[in-house]
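Protein chains in written order, with UniProt numbering: chain A, 1 to 210; chain B, 1 to 210; chain C, 1 to 210. All C-beta atoms, glycine included, are put in the ideal place defined by N, C-alpha and C.
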Amino acid sequence: MFLTLFDFAGTFVFALSGATAGVRRRLDLFGVLVLSFAAAAAGGILRDVLIGALPPVAIRDWAYPVIAGVAALIVFFRYPLIERLKHPVQLFDAAGLALFAVLGTQKALMFGMNPLAAAMLGVLSGIGGGMVRDIMLAGIPTVLRAEVYAVAALAGAAIVVAGELLAVPPHISMIAGGLLCFVLRVLAIRHNWQIAIAAPPSETDDGPRA
Amino acid sequence: MFLTLFDFAGTFVFALSGATAGVRRRLDLFGVLVLSFAAAAAGGILRDVLIGALPPVAIRDWAYPVIAGVAALIVFFRYPLIERLKHPVQLFDAAGLALFAVLGTQKALMFGMNPLAAAMLGVLSGIGGGMVRDIMLAGIPTVLRAEVYAVAALAGAAIVVAGELLAVPPHISMIAGGLLCFVLRVLAIRHNWQIAIAAPPSETDDGPRA
Amino acid sequence: MFLTLFDFAGTFVFALSGATAGVRRRLDLFGVLVLSFAAAAAGGILRDVLIGALPPVAIRDWAYPVIAGVAALIVFFRYPLIERLKHPVQLFDAAGLALFAVLGTQKALMFGMNPLAAAMLGVLSGIGGGMVRDIMLAGIPTVLRAEVYAVAALAGAAIVVAGELLAVPPHISMIAGGLLCFVLRVLAIRHNWQIAIAAPPSETDDGPRA
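Right, here's the structure in full:
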């Protein structure tokens with residue numbers, strides 16, 4: 001019950017992020033609705049497809065598209081409001097990331113995935129929506145670029161996996177993992193943490209394979 | 001039988017659209033074949049993956065790749081011909097959209113999706129091919145931008161869903177929904193209808209989440 | 001056993017290609033890891049999703065992400081080394097393509113796909129990773145553009161399908177198909193073979209459908 005509320009809150013803030021990106025790129029109302037749902041649900045949908053949990057919960061349960069639709073309408077018709085809310089939205093986004101990463105990992109474990117796969121699928125649950133949003137807008141996913149975003153999700157997922165291996169009750173490890181992810185992400189925003197980028201290569205063109 | 005013929009016609013015109021986009025971007029013959037099949041089949045494939053109808057019918061039935069392949073070869077070797085046919089192709093495309101949207105919705109209902117999910121999957125069946133085509137060409141899907149395209153698909157899908165809820169025989173609501181979608185799309189082309197775009201935001205950069 | 005070794009080698013070189021592309025676009029370490037795994041595993045994952053073999057083997061078996069991760073770390077921390085190895089990497093890549101195409105076709109046949117679908121899925125197994133890698137980097141997949149890459153995969157897949165239809169023992173046709181694909185690809189690199197591009201169209205803009 002509590003988890004479901006958080007899940008809906010995460011869906012809502014991820015949908016806000018998708019709708020905001022769509023309005024900035026001057027999509028029409030339909031495009032904003034699509035991007036909103038994609039940002040909110042694509043991570044979980046990809047996870048569910050990969051573990052074979054079909055149809056994905058975000059398709060099966062009408063609450064997800066409705067929540068995403070409400071977020072899209074708010075952003076579309078009240079864009080200045082959202083601009084002003086940037087700071088709280090970042091906090092919600094961090095909370096959504098934490099929750100999706102932890103819930104996704106746990107679901108993958110329940111479907112019999114090995115620990116490494118479960119952690120990867122947890123991260124995918126958390127960051128997949130943002131990746132699909134950016135690819136739809138013909139950009140390189142921001143999550144792949146110099147930001148402690150996925151790493152926070154990975155830390156949370158790792159805690160859940162470790163808890164499973166050590167037979168810790170799931171709700172304990174999920175709370176611990178979620179908190180770790182959330183705190184890491186908030187600290188990263190506050191202190192502008194970056195993770196390593198490789199030394200500049202000799203050439204910068206993008207040739208074919210290897 | 002009649003439906004199958006329309007399905008093949010829709011596949012053919014969507015394949016033409018993919019192949020045309022590929023030739024314009026100077027892809028090689030193989031690339032044109034891939035884009036042709038993607039534009040024709042990706043909507044249905046995504047729908048089938050999401051409802052768990054695996055393998056997707058467009059993979060299982062050899063008619064779809066064969067039809068898409070023929071369309072690709074025609075466009076590749078007779079490009080000027082296709083250019084001249086622009087007007088009829090737009091009509092066929094509207095017919096394909098109508099049919100895919102309506103058939104996709106009905107199939108999703110038969111697989112037990114709720115009404116909202118069925119309508120979304122119907123729209124995805126209709127517009128998914130064009131979206132994948134555009135993403136493969138590194139562009140923002142045109143369907144997300146200021147055109148009454150997806151909305152026509154949604155109107156058709158909504159009729160099918162409403163028919164299901166009111167226990168109207170499926171073939172009646174499918175014909176009604178398909179006609180509505182087709183007429184809306186043709187009127188939108190003729191009168192250059194656009195749907196709303198949000199007021200220009202204060203900044204135009206695409207920052208990270210939210 | 002022998003096949004598994006080749007499969008791992010193919011995974012490794014495809015992962016190298018993804019990681020190299022990521023470093024060139026200045027992704028952070030996490031982004032390089034993601035791109036590395038996507039390039040190595042996306043082809044097989046897409047194939048497994050489409051034939052309904054869920055969860056995909058690249059998710060289920062921890063060896064694939066581990067191999068891709070090792071490749072990513074090598075590229076990230078030893079980029080100049082990889083630059084120097086370009087020639088051997090191209091050979092490995094050709095070997096990986098051959099193996100993935102042939103194995104993918106055979107797996108699709110075993111899952112009851114028709115010959116055309118099996119060949120398409122074999123090609124997808126071989127080229128899907130590179131396509132997803134390029135789409136994630138917001139580019140048009142190089143494999144769709146003027147290079148005898150997918151065609152080599154198709155030739156290999158066709159041999160496997162023909163062998164199935166003629167009741168040749170699978171390992172014979174797989175070896176023959178794999179060799180054909182490998183030799184074609186290496187010759188194409190050496191002699192800079194290109195396949196046909198359609199005559200330049202009258203206009204070069206990318207309009208909407210058709």
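Cutoff 8 angstroms: residue i Cβ touching any chain A Cβ
{"i": "residue 141 of chain B", "result": "yes"}
{"i": "residue 138 of chain B", "result": "yes"}
{"i": "residue 128 of chain C", "result": "no"}
{"i": "residue 31 of chain C", "result": "yes"}
{"i": "residue 45 of chain B", "result": "no"}
{"i": "residue 189 of chain B", "result": "no"}
{"i": "residue 35 of chain C", "result": "yes"}
Beta-carbon proximity list for residue i, same chain, < 8 angstroms, skipping 5 on both sides
{"i": "residue 95 of chain B", "result": "6, 9, 10, 13 and 182"}
{"i": "residue 189 of chain C", "result": "90 and 94"}
{"i": "residue 113 of chain C", "result": "51 and 121"}
{"i": "residue 178 of chain A", "result": "98, 99, 101, 102 and 156"}
Neighbourhood of residue i by C-beta distance below 6 angstroms, restricted to the same chain and skipping five residues each side
{"i": "residue 111 of chain C", "result": "51"}
{"i": "residue 68 of chain A", "result": "15, 36, 37 and 40"}
{"i": "residue 164 of chain C", "result": "109"}
{"i": "residue 184 of chain C", "result": "152 and 155"}
{"i": "residue 107 of chain A", "result": "none"}
{"i": "residue 168 of chain C", "result": "none"}
{"i": "residue 162 of chain C", "result": "none"}
{"i": "residue 92 of chain C", "result": "13"}
Helix, strand or coil at residue i according to DSSP, with G and I counted as helix
{"i": "residue 134 of chain C", "result": "helix"}
{"i": "residue 45 of chain B", "result": "helix"}
{"i": "residue 61 of chain C", "result": "coil"}
{"i": "residue 197 of chain C", "result": "strand"}
Interface flag, residue i vs chain B, CB-CB below 8 angstroms
{"i": "residue 54 of chain A", "result": "yes"}
{"i": "residue 60 of chain A", "result": "yes"}
{"i": "residue 49 of chain C", "result": "yes"}
{"i": "residue 121 of chain A", "result": "no"}
{"i": "residue 192 of chain C", "result": "no"}
{"i": "residue 159 of chain C", "result": "no"}
{"i": "residue 170 of chain A", "result": "no"}
{"i": "residue 195 of chain C", "result": "yes"}
Cut-off 7 angstroms between Cβ atoms - residues of its own chain near residue i, not counting five sequence neighbours on either side
{"i": "residue 19 of chain B", "result": "32, 35, 36, 71, 72, 75 and 76"}
{"i": "residue 150 of chain A", "result": "123, 127 and 143"}
{"i": "residue 49 of chain A", "result": "56"}
{"i": "residue 101 of chain B", "result": "122, 123, 125, 126, 153, 156, 157 and 181"}
{"i": "residue 54 of chain C", "result": "48"}
{"i": "residue 166 of chain C", "result": "none"}
Closest by C-alpha distance to residue i, when choosing among the options
{"i": "residue 130 of chain B", "options": "B/83, B/54 and B/46", "result": "B/46"}
{"i": "residue 62 of chain C", "options": "A/65, A/175, A/159 and A/118", "result": "A/118"}
{"i": "residue 140 of chain B", "options": "A/4, A/44 and A/27", "result": "A/27"}
{"i": "residue 22 of chain B", "options": "B/171, B/185 and B/136", "result": "B/136"}
{"i": "residue 42 of chain A", "options": "A/158, A/104, A/193 and A/80", "result": "A/104"}
{"i": "residue 25 of chain C", "options": "A/179, A/173 and A/145", "result": "A/145"}
{"i": "residue 65 of chain A", "options": "A/79, A/44 and A/78", "result": "A/44"}
{"i": "residue 58 of chain A", "options": "B/133, B/134, B/174 and B/116", "result": "B/116"}
{"i": "residue 175 of chain A", "options": "A/166, A/186, A/187 and A/159", "result": "A/159"}
{"i": "residue 82 of chain B", "options": "B/17, B/133, B/191 and B/166", "result": "B/17"}
{"i": "residue 29 of chain A", "options": "A/79, A/4 and A/60", "result": "A/79"}
{"i": "residue 192 of chain C", "options": "C/166, C/148 and C/92", "result": "C/148"}
{"i": "residue 87 of chain A", "options": "A/173, A/186 and A/195", "result": "A/186"}
Minimum Cβ-Cβ distance from residue i to chain C less than 8 angstroms
{"i": "residue 152 of chain A", "result": "no"}
{"i": "residue 117 of chain A", "result": "yes"}
{"i": "residue 174 of chain A", "result": "no"}
{"i": "residue 145 of chain A", "result": "yes"}
{"i": "residue 202 of chain A", "result": "With a pLDDT of 49 at residue 202 of chain A, under the threshold of 50, the modelled position of this residue cannot be trusted; read the value that follows with caution. Output row for residue 202 of chain A: interface = yes."}
{"i": "residue 221 of chain B", "result": "In the structure as shown, chain B starts at 1 and stops at 210, and residue 221 of chain B therefore has no counterpart that could be examined."}
{"i": "residue 135 of chain B", "result": "yes"}
{"i": "residue 82 of chain A", "result": "no"}
Any C-beta of chain F under 8 angstroms from that of residue i
{"i": "residue 110 of chain C", "result": "In the structure shown, chain F does not exist; the protein chains are A, B and C."}
Item to check | Whole runs of the alpha helix (DSSP H) within the UniProt domain "Glycine transporter" (91-162) of chain A, excluding any shorter than 4 residues | outcome: 115-136
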